[in-house]
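So the number in this note's numbering is just where the residue sits in the sequence shown, counting from 1, plus 1024. C-beta atoms are modelled at their ideal positions from N, C-alpha and C, and glycine is treated no differently. The structure appears right after this line, and notes come after that.
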Amino acid sequence: MNKFKLISLVKLCAFTVFIGRAYQLFFFGGPYRAILWDESLLTPIVEGIFNYSWYDYATSKTVNNWIEGFTKFNSLIFLIAALVSLLWHQIKWLKLKRFIIGLGFFLLFLLGICMVKDKNYDFLQLFETSIQLSAPFLLWRNIKIDSNNKKLINGLKIAIAFTFIPHGFMAMGIPYRPGHFIDMTIIILGVNETQATLFLFIVGFLDVLCALLVFVPKLSKYALWYMIIWGFATAFARIVSGFNIDFISSSIHGSAYLTIYRLAHGIIPLIVLLIEMNKTNHKRQVA
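Here you go:
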């Protein structure tokens, strides 16, 4: 696969992340209130700097409307960043498109911070999203997709590991197992809770194992194949588990975006696998 097709996958990956988050924020909001309505965190600012009582701030319609507006603004930026990602080569102004993608990348990271706060400082949530930041980061930095770029390959592998290891730990129940993991497994596989727990422990162990094996040259391709398959499977599990034949449109509306921005979990390992395959083929041709 040539470099143009690889960068096309990067563009597609960035598009799915941005468009999925844009849809989420526009229709379902974001976790920004976890910080903006944190009394212990913001009271010194609200009362000390703005001379505004916390009660008035927390009950103000103006503040609430501002937060809603900020959420919609982020959704708009993500939408624009998604289009720029998809049309990366058609847009000639490098500084402009890098600015838009850079702003989108920053807002994705901010969203991750708010998710951590919303989940009681569960930093596994932030690490798990690292793979979703990879493609926007590559576009923002205008990094060339080169099989000889060891920093690129290792950087993407680290991002993959940062996503799969926390995901694997949570599936194994370390330090906890999200309830929706069990619910999705029961709905999709038709098993009971005990069987679902065992299944999640096994795939969680494989997640962690493959995240380590991806750094072993002779075994990395097998680990990446697993990650590609499982990355796409866990992404589509969201829309499959949330699908209701009696409410087709509403069920798709409520869960499709969860699948879309998680497609990166399969696309990024695919990009790394293709880069390594290109490198191997090049060495064979030279030999």
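Item: Less than 8 Å separating the beta-carbons of residue 1294 and residue 1252?; Value: yes
Item: Across the segment 1102 to 1111 and the segment 1045 to 1058, are there enough close Cβ pairs to call them in contact, namely three or more that are closer than 8 Å?; Value: yes
Item: Mind the definition here: the segment 1051 to 1060 touches the segment 1128 to 1142 only if three or more C-beta pairs lie below 8 Å; say whether that holds.; Value: yes
Item: Among 1291, 1299, 1303, which one has its Cα closest to the Cα of residue 1156?; Value: 1291
Item: Under three-state DSSP, which class holds residue 1293?; Value: helix
Item: Just to confirm the assignment, what range does the alpha helix (DSSP H) spanning residue 984 have?; Value: Because residue 984 is not part of the residues shown, which for the chain are 1025 to 1311, the question remains open.
Item: Secondary structure at residue 1143, three-state DSSP: helix, strand or coil?; Value: coil
Item: So what's residue 1254 in DSSP terms, helix, strand or just coil?; Value: helix
Item: Mind checking whether residue 1257 and residue 1041 have CB atoms under 8 Å apart?; Value: no
Item: Who are the Cβ neighbours of residue 1127 in its own chain at under 8 Å, not counting the five residues just before and after it?; Value: 1101, 1105
Item: In chain order, which continuous runs of the alpha helix (DSSP H) of length 4 or greater are located wholly inside the segment 1027 to 1097?; Value: 1027 to 1052, 1057 to 1060, 1063 to 1072, 1078 to 1082
Item: What's the gap between the Cα of residue 1265 and the Cα of residue 1208?; Value: 5 Å
Item: In whole angstroms, what separates the C-alpha of residue 1272 from that of residue 1198?; Value: 35 Å
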